[in-house]
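Chains as they are written, first to last, in our numbering: chain A, 651 to 943; chain B, 104 to 657. By construction, the Cβ of each residue, glycine as well, lies at the ideal position given by its N, Cα and C atoms.
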Amino acid sequence: MTDRERDPVSGRETTGHEWNGIKELDTPVPKGILIFLIVTHVFAILWWLLMPAWPLGWTYTKGLLGTNQHERVEQQLAQAAVARSAWEEKIASLSFDEIQANEQLMNIVRQFGHKLFGDNCAACHRSDATGGSNYPDLTDDDWIWGGEPETIAETLRVGINSPHGETRMGQMPAFGRDQMLERDQVVNVANYVYSLSHPEYSTAANIDRIEAGHEVFMTNCASCHGEDALGSREMGAPNLTDKAWIYGGDLQTIISSVHGGRQGHMPTWEERLTPVEIKVLALYVRSLSVARP
Amino acid sequence: MMVSQLTRGERQGSILIAAAVALCGLALAIAGRNDPLGVHGAFVLVGSVALIAFLLSRLDSPEPDVSRRPSEYYDDPIKVGIALSMIWAVFGMFVGVWVAAELAWPSLNFNTAWLSFGRLRPAHTTGVIFGFGGNALIATSFHVVQRTSRARLAGQISPWFVLLGYNLFCFLAVTGYLMGLTQSKEYAEPEWYADLWLVVVWVTYFVLYLRTIARRKEPHIYVANWYFMAFIVVVAILHIVNNLAIPVSLGHAWSYPIWSGVQDAMVQWWYGHNAVAFFLTAGFLGMMYYYLPKRAERPIFSYRLSILSFWGITFFYMWAGSHHLHYTALPHWVQTLGMTFSIMLLVPSWASAGNAILTLNGAWHKVRDDATLRFMFVAAVFYGLSTFEGSFLAIRPVNSLSHYTDWTVGHVHAGALGWVALITFGSIYTLVPSLWKRERMYSAALVEVHFWLALIGTLIYVFAMWNSGIVQGLMWRTYTESGTLAYSFLDSLVAMYPYYIARTLGGFLFLLGAIVGCYNIWMTVRASPAAAETALKDLPDARWAEGTATTPAE
Numbered sequence: 651m652t653d654r655e656r657d658p659v660s661g662r663e664t665t666g667h668e669w670n671g672i673k674e675l676d677t678p679v680p681k682g683i684l685i686f687l688i689v690t691h692v693f694a695i696l697w698w699l700l701m702p703a704w705p706l707g708w709t710y711t712k713g714l715l716g717t718n719q720h721e722r723v724e725q726q727l728a729q730a731a732v733a734r735s736a737w738e739e740k741i742a743s744l745s746f747d748e749i750q751a752n753e754q755l756m757n758i759v760r761q762f763g764h765k766l767f768g769d770n771c772a773a774c775h776r777s778d779a780t781g782g783s784n785y786p787d788l789t790d791d792d793w794i795w796g797g798e799p800e801t802i803a804e805t806l807r808v809g810i811n812s813p814h815g816e817t818r819m820g821q822m823p824a825f826g827r828d829q830m831l832e833r834d835q836v837v838n839v840a841n842y843v844y845s846l847s848h849p850e851y852s853t854a855a856n857i858d859r860i861e862a863g864h865e866v867f868m869t870n871c872a873s874c875h876g877e878d879a880l881g882s883r884e885m886g887a888p889n890l891t892d893k894a895w896i897y898g899g900d901l902q903t904i905i906s907s908v909h910g911g912r913q914g915h916m917p918t919w920e921e922r923l924t925p926v927e928i929k930v931l932a933l934y935v936r937s938l939s940v941a942r943p
Numbered sequence: 104m105m106v107s108q109l110t111r112g113e114r115q116g117s118i119l120i121a122a123a124v125a126l127c128g129l130a131l132a133i134a135g136r137n138d139p140l141g142v143h144g145a146f147v148l149v150g151s152v153a154l155i156a157f158l159l160s161r162l163d164s165p166e167p168d169v170s171r172r173p174s175e176y177y178d179d180p181i182k183v184g185i186a187l188s189m190i191w192a193v194f195g196m197f198v199g200v201w202v203a204a205e206l207a208w209p210s211l212n213f214n215t216a217w218l219s220f221g222r223l224r225p226a227h228t229t230g231v232i233f234g235f236g237g238n239a240l241i242a243t244s245f246h247v248v249q250r251t252s253r254a255r256l257a258g259q260i261s262p263w264f265v266l267l268g269y270n271l272f273c274f275l276a277v278t279g280y281l282m283g284l285t286q287s288k289e290y291a292e293p294e295w296y297a298d299l300w301l302v303v304v305w306v307t308y309f310v311l312y313l314r315t316i317a318r319r320k321e322p323h324i325y326v327a328n329w330y331f332m333a334f335i336v337v338v339a340i341l342h343i344v345n346n347l348a349i350p351v352s353l354g355h356a357w358s359y360p361i362w363s364g365v366q367d368a369m370v371q372w373w374y375g376h377n378a379v380a381f382f383l384t385a386g387f388l389g390m391m392y393y394y395l396p397k398r399a400e401r402p403i404f405s406y407r408l409s410i411l412s413f414w415g416i417t418f419f420y421m422w423a424g425s426h427h428l429h430y431t432a433l434p435h436w437v438q439t440l441g442m443t444f445s446i447m448l449l450v451p452s453w454a455s456a457g458n459a460i461l462t463l464n465g466a467w468h469k470v471r472d473d474a475t476l477r478f479m480f481v482a483a484v485f486y487g488l489s490t491f492e493g494s495f496l497a498i499r500p501v502n503s504l505s506h507y508t509d510w511t512v513g514h515v516h517a518g519a520l521g522w523v524a525l526i527t528f529g530s531i532y533t534l535v536p537s538l539w540k541r542e543r544m545y546s547a548a549l550v551e552v553h554f555w556l557a558l559i560g561t562l563i564y565v566f567a568m569w570n571s572g573i574v575q576g577l578m579w580r581t582y583t584e585s586g587t588l589a590y591s592f593l594d595s596l597v598a599m600y601p602y603y604i605a606r607t608l609g610g611f612l613f614l615l616g617a618i619v620g621c622y623n624i625w626m627t628v629r630a631s632p633a634a635a636e637t638a639l640k641d642l643p644d645a646r647w648a649e650g651t652a653t654t655p656a657e
């Protein structure tokens, strides 16, 4: 403290300490800092008075406002439920046709359905509901289990190949792997199925395979997919004559499907979503394919 | 370099320590042979055997003149520490850019488990915080404590033990994450055996630091050392308490924490926030308090302000952790305390930033002309900005918008890039020429390039995350007239996409700057030493050190 010197730039005295050339000025704490310090402390004290703040053994100071975060959440949830109850009751009680005829309700369906779809369905079916490899397109109006809102709601409720007791069940056997068909038969029937959606494929060069495949189809596939290969909604067997494919419609993928079989999976949503939410989602999904030209 | 300053006896001592570590590695490798633990045991074994071989090969090389020790600083561990720090910086920042890119383009994980976001993200945070930041703190603390005490480090082997042991911890941490090992505690992910090892290393660090300060030739302890001490002491307490856990068995890497439920969450965020406070703030304030006045050649603006901010920061931070748990199962009153103490913390924090900035009065022309000093000035500004933002985000209603969004990520990076990394680069650019006895850095222009890459990178990053976070927060709370949420979570992700790309770009520029810095440091080290007279000034006071001269430190 002996060699206090004055800093020429600020005119302040130093503290007289020095470390490897570093000195420090003895500048008093600026008033602004002290005032600001007091302001923050006053704010804290006021907040302690108003809110739950300090522990007192087994309890704590409750605060003059008497607020409690658990009660507040419950109140807010109750308020939100009241706000929704008017249209929720309508959706619960009206039939699908009646809701579809009500433009006001359908606006809510589109808004809320978009949110529900994004949070629950988009992970597999994509955000625009067009599916993708291994997941069906929900916008093409080509349905495996049926596209009426009632049917969609039922699919949502029980799921497909899900643990639900009433689940929809559909399985395409692994004809090749499980040795129900010879390798040749698998290729032939795939050629036949491919030709259904690609008429130009039925050339003289392929016609023998296709006809042989037709025979295999009638004995092995027609029971589910139908003799005309248009599919069956009871069995969950898709239409094989159109251009809508879940796993891919090229010849090679069809051969894999016949060889290794297919079994899709959709969860049951009965426990996760409320009946009103399932109804909204069904109507929303339905509206996606209707909207498409 | 490592060995030439050690006597033959110290070399033998080092071999014994390395052999003990090798035995621990062997034990882990055998006990954990059916577990990732065995892989780590094998790493430790191979590493320590390599070290033993290295020491043995130099056992008989010429010995140093022990009588000269009290009149020379011990700088070799500092040099290696700086090199390790820069290596970790490039590694950690590269992984950071990679995980940022994964968020924009998820297929960059190439369907590989160890490249997945969940494993790489802690590799990034550990790489930059503990690898880059921790090594920089150890190296600069060794430098600052010697210079401000005018005394040599109180040990020959222990500085190496601290430095290499600490890097072994970082290595176990990062390789563990890649193998899928984690305690799932943020910034405290490493498993029990790595944690125990760090306790040994850290206590050694603490003792070494205390003993060096005890040797000081100055009547007063300089502010920087208050902060370094706070950093070392509190990190030890935090690390031990938060990592109390019981291993599944001594042959398994996994463990269960002794805390459960909301108490576990509270302990974790008491740890997490004080890691920010005492690792990322106190330690780097220690750095700032030495290298900024040194570079500016100005006295500290106010000693009184230093005292006010030091005690304010150390006292108030301890209470603030619960602001990480607003609107959770944590009792409301604990949240209130976390919030109000965070607000009271603002003034001491700003007093530190203000003390640094006002120290530059009389040196503003240097801030303009010297990118190294400008690094430290901008760091102090970002320190002020992030501490304001931190107190603001701790207010419960504000937190209800910001929590779980990218705003938090932006806040962290304003602090980590803008404050921690910039003060470190400024300090290293000040330290490197003096340590290697060069007149200046190899290229002032490259320091300038690094400064602008770092600043622009930080600004792009932080603005992208502010925007992204606020958009996210608003989308999650927007209701329609019919009382339903307006957006799905997926909608908010789609909205994030452009910001994620911008953030990747910002991080990439910052990484580029660090690589430029590495090159500049390397070229400086390779240059020929400056005239001997500049080096002569940088010596400890050997007057009262006769007693310690011949006694081996360990």
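Item	Value
Own chain residues within Cβ distance below 6 angstroms of F659 of chain B, not counting five before or after	Given a span of 104 to 657 for chain B in the structure shown, any question on residue 659 of chain B remains unanswerable.
Validate contact between the segment 756-764 of chain A and the segment 577-590 of chain B using beta carbons, cut 8 angstroms, 3 pairs	yes
Burial state of P655 of chain B, where buried means 16 or more other Cβ atoms lie within 10 Å	Note that P655 of chain B scores a pLDDT of 37, beneath 50, so its modelled location is shaky; the value from the coordinates is reported in the next line. It is exposed - the Cβ of P655 of chain B has fewer than 16 other Cβ atoms within 10 Å.
Exposure of I531 of chain B, with buried meaning 16 or more beta-carbon neighbours within 10 Å	buried
Inter-residue spacing [alpha-carbon to alpha-carbon] between A203 of chain B and M568 of chain B	11 angstroms
Cα-Cα separation between V843 of chain A and G863 of chain A, rounded to whole angstroms	8 angstroms
Neighbour flag for D892 of chain A against chain B, beta carbons, 8 angstroms	no
Local Cβ density within 10 Å of S735 of chain A, reported as buried at 16 or more and exposed below that	exposed
Which of helix, strand or coil DSSP assigns to S660 of chain A	coil
Cβ neighbours of T583 of chain B in the same chain (closer than 7 angstroms, five flanking residues each side left out)	A589
Rounded separation between R580 of chain B and A380 of chain B - CA only	31 angstroms
Contacts around T285 of chain B, its chain only, beta-carbon distance under 6 angstroms, and the 5 residues preceding and following it disregarded	E292
Coarse secondary structure for T665 of chain A, derived from DSSP in three states	strand
Contact set for V437 of chain B: own chain, Cβ-Cβ below 8 angstroms, skip 5 residues either direction	M369, S425 and L428
Touching by the beta-carbon criterion (3+ pairs, under 8 angstroms), the segment 357-367 of chain B and the segment 208-224 of chain B	no
Contacting residues, own chain, Cβ-Cβ under 6 angstroms from L408 of chain B (five flanking each side not counted)	A454 and N458
CB of C127 of chain B within 8 angstroms of CB of V147 of chain B, strictly	yes
Chain A contacts from the segment 322-350 of chain B (Cβ-Cβ distance under 7 angstroms)	H323 and Y325
Any chain A beta carbon closer than 8 angstroms to W217 of chain B	no
Cut-off 7 angstroms between Cβ atoms - residues of its own chain near I573 of chain B, not counting five sequence neighbours on either side	W510
Neighbour-count burial assignment, R936 of chain A, 16 or more Cβ in a 10 Å radius	buried
Straight-line Cα distance separating L281 of chain B from S852 of chain A	54 angstroms
Test: A454 of chain B CB closer than 8 angstroms to a CB of chain A	yes
Beta-ladder partner(s) of R912 of chain A, from DSSP	A:M822
CB contact below 8 angstroms: H427 of chain B versus chain A	no
E674 of chain A at chain B interface by Cβ criterion, 8 angstroms	yes
Partners in chain D for A589 of chain B, counting only beta-carbon separations shorter than 8 angstroms	In the displayed structure, chain D is absent; the protein chains listed are A and B.
Best match in B:A134, B:C621 and B:Q108 for proximity to A356 of chain B [C-alpha to C-alpha]	B:A134
CB contact below 8 angstroms: F693 of chain A versus chain B	yes
Unbroken alpha helix (DSSP H) run spanning S151 of chain B, endpoints	P139 to S160
A254 of chain B, buried or exposed, once every other Cβ within 10 Å from all chains shown has been counted against 16	buried
Amino acids of chain B, ordered along the chain, whose beta-carbon sits closer than 9 angstroms to that of D769 of chain A	L588, S591, F592 and L593
Cross-chain neighbours of I446 of chain B in chain A, by beta carbon under 7 angstroms	T690, F693 and A694
Beta-carbon contacts of R656 of chain A that lie in its chain and below 8 angstroms, excluding the five residues immediately before and after	R662, E663 and T664
Distance between Q366 of chain B and T431 of chain B (C-alpha atoms, nearest Å)	12 angstroms
Backbone secondary structure at G899 of chain A - three-state DSSP	coil
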